[in-house]
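Just below is one structure, and these are the notes that go with it.
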Amino acid sequence: MAKSGTLDLWTGGGEEEPESSLAARPEAAPVVALTVGQITKRIRSLLEQELGEVWVRGEISNLKLPPSGHVYFTLKDADGVLNAVMFRNAAMRLSAPLRDGQAVLLRGRITVYEARGQYQILVEEVRAEGLGTLQERFEALKRKLMAEGLFEIERKRDLPVFPERVGIVTSLQGAVIQDFCRVLGRRAPGIGIQVRGVRVQGVGAAEEIAEAVAAFSREGGVDLIVVARGGGSLEDLWAFNEEVVARALAASLIPTVSAVGHETDFTIADFVADLRAPTPSAAAELISRDWEEWRGEVAALKERLRREVRAKVEWERERLTRLRNSPVFREPRRYVERMSQRVDDLASGLGRGLRHAVAVRRGTWEGLRGRLAAPSADPRTRIARLREAVGHWEARLRTLGPEGTLARGYALVLDGEGKLVRKAGEVKPGQGLKIRFGDGDVGAKAV
Numbered sequence: 016m017a018k019s020g021t022l023d024l025w026t027g028g029g030e031e032e033p034e035s036s037l038a039a040r041p042e043a044a045p046v047v048a049l050t051v052g053q054i055t056k057r058i059r060s061l062l063e064q065e066l067g068e069v070w071v072r073g074e075i076s077n078l079k080l081p082p083s084g085h086v087y088f089t090l091k092d093a094d095g096v097l098n099a100v101m102f103r104n105a106a107m108r109l110s111a112p113l114r115d116g117q118a119v120l121l122r123g124r125i126t127v128y129e130a131r132g133q134y135q136i137l138v139e140e141v142r143a144e145g146l147g148t149l150q151e152r153f154e155a156l157k158r159k160l161m162a163e164g165l166f167e168i169e170r171k172r173d174l175p176v177f178p179e180r181v182g183i184v185t186s187l188q189g190a191v192i193q194d195f196c197r198v199l200g201r202r203a204p205g206i207g208i209q210v211r212g213v214r215v216q217g218v219g220a221a222e223e224i225a226e227a228v229a230a231f232s233r234e235g236g237v238d239l240i241v242v243a244r245g246g247g248s249l250e251d252l253w254a255f256n257e258e259v260v261a262r263a264l265a266a267s268l269i270p271t272v273s274a275v276g277h278e279t280d281f282t283i284a285d286f287v288a289d290l291r292a293p294t295p296s297a298a299a300e301l302i303s304r305d306w307e308e309w310r311g312e313v314a315a316l317k318e319r320l321r322r323e324v325r326a327k328v329e330w331e332r333e334r335l336t337r338l339r340n341s342p343v344f345r346e347p348r349r350y351v352e353r354m355s356q357r358v359d360d361l362a363s364g365l366g367r368g369l370r371h372a373v374a375v376r377r378g379t380w381e382g383l384r385g386r387l388a389a390p391s392a393d394p395r396t397r398i399a400r401l402r403e404a405v406g407h408w409e410a411r412l413r414t415l416g417p418e419g420t421l422a423r424g425y426a427l428v429l430d431g432e433g434k435l436v437r438k439a440g441e442v443k444p445g446q447g448l449k450i451r452f453g454d455g456d457v458g459a460k461a462v
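All residue numbers for the sequence shown refer to the working numbering, where the first residue is 16 and numbers rise by one.
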């Protein structure tokens, strides 16, 4: 693959052979020529006879599941690839759906697809052997970065509503950059685009992508960064599954968008970026607002502003009319005279009110001063009266208390335990009693 950012053109080489030399050749002897179809059929026959049914081990890639029910995929390992077809009847016997990156052991027949001249294996049986190497690396890195919190929603940043300049990291070759620029130019022609061309596949691609993202973040000048690539197999998109790319996206100071592959393709970059777009064209749609929509909204706001300004002008005009018709403007002298009279009335009322308030306060003050000057206001006199009242109530309490009652000739009857006997029914014959008089106790026995 040519280095990204460059375009190598091949124009041919050597000198053309003059037509005269062709005409000078002697006529060739008649030969028996095979058609393309005939040679393809011979190759197919040789392959089927030589290899027949075989068992093959490899990793599934570029899996396709069309509505017909047939299954198409590529079986690959470190040394090569083999196209594989599994027709509907055989696919219905699968115990579990196939998936990209899955390591399998399959049985089938080697044959040739004559319409394309491609050899392939017609699969009859598939045995799962676990995840393939690439898929295992994908899942391992996904678990690692997830544990670090790089996929958390909380760390995702909002994209700017009105980006002025967009940075895109992609290949300068192919349709991705053209489609992206075309969609963005149609929807928002005022947005500037800065492109950093990189390899998006193969050795060194991940490092170039990571460095381009870091450069945008470091140098600034753009409002968001888009990393983009067209669709492909797991190995085609692998550069966007490398940890170095994930780290660059996570460390970016500028919001990032991952637009890699088709809608069904997912990469590590998709999980780390602030926003995942299903395709590069969709990314251009998501990061821009259609100018036609803005024109409609601006027109609506303009009409609303015009209505509100008109209403405000009408309201102020009515207010001005009311002011113009008010007495202060129609007959200003009479209005001033009336207000002057009102001021005099208020001043007079204020004087009367003040004099009345002073008189009331003076009367209250005189009353308090008289009460303080009276003999009864002397604290010593009040204390003597209170002491006399206390002595009186104390004497009454002594007279009405138990001791006072006994002193007046009454007696109390107590049982052997010293408890008061209130009723005759509480005393049994022969029970010992105590009679308490005012001057002492006397023993007694009930009969």
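C-beta: ideal position from N, C-alpha, C; glycine also.
All of these numbers come straight from a predicted model, not from anything done at the bench.
Residue burial classification, residue i (beta-carbon count within 10 angstroms, cutoff 16)
i: SER355; result: exposed
i: VAL119; result: buried
i: SER60; result: exposed
i: LEU199; result: buried
i: VAL363; result: It should be noted that the sequence gives Ser, not Val, for residue 363. So SER363 ends up on the exposed side.
i: ALA243; result: buried
i: THR279; result: exposed
i: THR185; result: buried
i: ASP360; result: exposed
i: PRO295; result: buried
i: SER341; result: exposed
i: PRO178; result: buried
i: ASP285; result: buried
i: ARG339; result: exposed
i: ILE136; result: buried
Pick from the options that is closest to residue i, judged by C-alpha positions
i: GLY445; options: SER303, ALA461, VAL328; result: ALA461
i: VAL69; options: SER296, LEU97, LEU199; result: LEU97
i: VAL457; options: GLY431, VAL71, ALA106; result: GLY431
i: VAL260; options: LYS438, LEU120, LEU160, TYR128; result: LEU160
i: VAL176; options: LEU165, LYS157, PHE166, ALA203; result: ALA203
i: ALA93; options: LEU109, PRO82, GLU74, PHE102; result: GLU74
i: ALA106; options: GLY116, THR379, ASP115, TYR87; result: TYR87
i: ARG103; options: GLY95, SER303, THR89, HIS85; result: HIS85
i: GLY212; options: THR336, GLN193, GLN188; result: GLN188
i: GLN117; options: ARG377, ARG152, LEU415, ALA266; result: ARG152
i: ALA422; options: GLU154, ALA190, ARG413; result: ARG413
i: VAL71; options: LYS79, GLN53, LEU90; result: LEU90
i: ALA155; options: ARG142, THR282, GLY182, VAL215; result: THR282
i: VAL272; options: ASP280, ARG291, ALA404; result: ARG291
i: ALA227; options: ILE269, GLY247, GLU329; result: ILE269
i: GLY15; options: GLY440, LEU429, VAL442, ALA439; result: With the chain covering 16 to 462 only, the question about residue 15 has no answer from this structure.
i: GLU129; options: LYS327, ILE54, ARG180; result: ILE54
i: LEU80; options: TRP408, PRO112, GLU323, PRO45; result: PRO112
i: ASN77; options: LEU335, HIS277, PHE255, THR336; result: HIS277
Alpha carbon of residue i to alpha carbon of residue j, nearest angstrom
i: PHE195; j: ALA298; result: 8 angstroms
i: PHE452; j: ARG397; result: 41 angstroms
i: ARG499; j: GLY406; result: The shown model of the chain, from 16 to 462, leaves out residue 499, and the question about it has no answer.
i: LEU37; j: VAL51; result: Because LEU37 sits at a pLDDT of 43, beneath the cut-off of 50, its placement in the model cannot be relied upon, and the following sentence gives the value as read from the coordinates. If I take the Cα positions, the gap works out to 25 angstroms.
i: TYR350; j: VAL358; result: 12 angstroms
i: VAL375; j: PRO394; result: 28 angstroms
i: GLY464; j: LEU369; result: Nothing about residue 464 can be reported from this structure: the residues present for the chain run from 16 to 462 only.
i: GLY217; j: SER83; result: 33 angstroms
i: TYR425; j: LYS449; result: 14 angstroms
i: HIS371; j: LEU383; result: 19 angstroms
i: GLU144; j: ARG262; result: 32 angstroms
i: LEU109; j: VAL141; result: 7 angstroms
i: VAL241; j: ASP289; result: 10 angstroms
i: TRP309; j: ARG319; result: 15 angstroms
i: GLY247; j: PHE255; result: 12 angstroms
i: THR336; j: GLU352; result: 23 angstroms
i: LEU435; j: ARG386; result: 55 angstroms
i: GLU234; j: VAL181; result: 13 angstroms
Any non-hydrogen atom of the ligand FAD within 7 angstroms of residue i CB
i: TYR87; result: Ligands in the displayed structure: none, and consequently the ligand FAD is not present.
Extent of the continuous beta strand (DSSP E) run through residue i
i: PHE88; result: 86 to 91
i: MET101; result: 96 to 101
i: GLY73; result: 68 to 79
Start-to-end residues for the alpha helix (DSSP H) that takes in residue i
i: THR126; result: That residue, THR126, is in no alpha helix (DSSP H); its beta strand (DSSP E) goes 117 to 128.
i: LYS449; result: Run containing LYS449: none in the alpha helix (DSSP H); it sits in the beta strand (DSSP E), 447 to 452.
i: ARG244; result: No alpha helix (DSSP H) contains ARG244, which is instead part of the beta strand (DSSP E) from 239 to 244.
i: LYS460; result: No alpha helix (DSSP H) holds LYS460; the beta strand (DSSP E) holding it covers 455 to 460.
i: LYS56; result: 51 to 65
i: ARG152; result: 148 to 162
i: ARG262; result: 258 to 266
Whole alpha helix (DSSP H) elements within the region 343 to 428, 4-residue minimum: 347 to 388, 394 to 415, 417 to 422
Secondary structure, alpha helix (DSSP H): runs of 4+ residues fully inside the region 197 to 222: none
In chain order, each beta strand (DSSP E) run of at least 3 residues that lies wholly inside the region 271 to 322: 271 to 275
Start-end ranges of the beta strand (DSSP E) lying completely within the region 165 to 193, minimum 3 residues: 180 to 185
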